[in-house]
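Written out below as structure tokens is the structure these notes cover.
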Amino acid sequence: MAYLKEINSVKGVYLKWNNKRVFPEYKYNSGPIVSNKILTRAKKIVIDILTYERKKIENAFTFLAKRYKDKSIKITYNYDLAYKRIHSTKLCPPNDYCYGESDETGIWICKNKIDYAELVGTILHEALHYFAFFNNKEICEKDEHYVMRILGDDC
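Residue 20 is where the sequence shown starts when you use my numbering, and the numbers rise one by one after that.
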């Protein structure tokens, strides 16, 4: 867990994790308006989380697969696509309804006032969409959100 200390050594960043979850603990405070500089810092943190918390993330998807009792499920993960989508995360105009959105090709973060924990959580949340496949088929959004809640998100 040495990467957690490294994350909190980044200027202006202090994140806390509750019960060793993957998503940081949200404070629901207003933060700075997201800029390219802030976004670049947050992307590095998300890449570290995805890299070092691989086992926890995969265990959460395995737990989801156990809910489908009578079915044989082969789980595959597309880390390459997740990393590519994180690296290509872009800013979009402010939005009152959400902090970010994604599709199979990219992630967009709104230029809202947002705390670092929520920014990191939003990018990680969007990166976990289109990430895992059951029997080479996409998992429905409802099940993806179930996994994210296991990992500590409040979606």
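Just so you know, even glycine gets a beta-carbon here, dropped at the ideal spot from N, CA and C.
Exercise. Nearest to residue 83 by alpha carbon, out of 171, 162, 57?
Worked result: Measuring C-alpha to C-alpha distances from residue 83 to each of 171, 162, 57 identifies 162 as the nearest.
Problem set entry | Endpoints, the alpha helix (DSSP H) within which residue 102 is located | 98 to 106
For this session: Examine the Cβ distances between the segment 50 to 63 and the segment 100 to 113 and report whether three or more of them are shorter than 8 Å.
Result: yes
Exercise. Exposed or buried, which one is residue 116 when buried takes at least 16 other CB atoms within 10 Å?
Worked result: By the neighbour-count rule (16 or more Cβ atoms within 10 Å), residue 116 is not buried but exposed.
For this session: Measure the alpha-carbon distance for residue 171 versus residue 35 and round it to whole angstroms.
Result: Approximately 12 Å, taken between the alpha carbons.
For this session: Under the assumption that residue 134 contacts residue 50 (Cβ atoms under 8 Å), give the Cβ distance between them as a whole number of angstroms.
Result: Residue 134 to residue 50, Cβ: 4 Å. Contact.
Exercise. Are residue 130 and residue 112 closer than 8 Å when you measure CB to CB?
Worked result: yes
Problem set entry | Same chain, Cβ closer than 7 Å to residue 141, neighbours up to 5 away in sequence not counted | 118, 119, 128
For this session: Could you spell out where the beta strand (DSSP E) holding residue 120 opens and where it closes?
Result: Unbroken beta strand (DSSP E) run through residue 120: 119 to 121.
Problem set entry | 7 Å CB neighbourhood of residue 55 in its chain, flanking five on each side removed | 110
For this session: Could you give the DSSP three-state label for residue 156: helix, strand or coil?
Result: strand
For this session: Compute the Euclidean distance between the alpha carbons of residue 121 and residue 145, then round it to the nearest angstrom.
Result: 6 Å
For this session: With DSSP as the reference, label residue 70 as helix, strand or coil.
Result: helix
Exercise. Under a Cβ-count criterion, where at least 16 other Cβ atoms within 10 Å of its own Cβ denotes burial, should residue 149 be classed as buried or exposed?
Worked result: In the assembly as shown, residue 149 is a buried residue. Its beta-carbon has 16 or more other beta-carbons within 10 Å.
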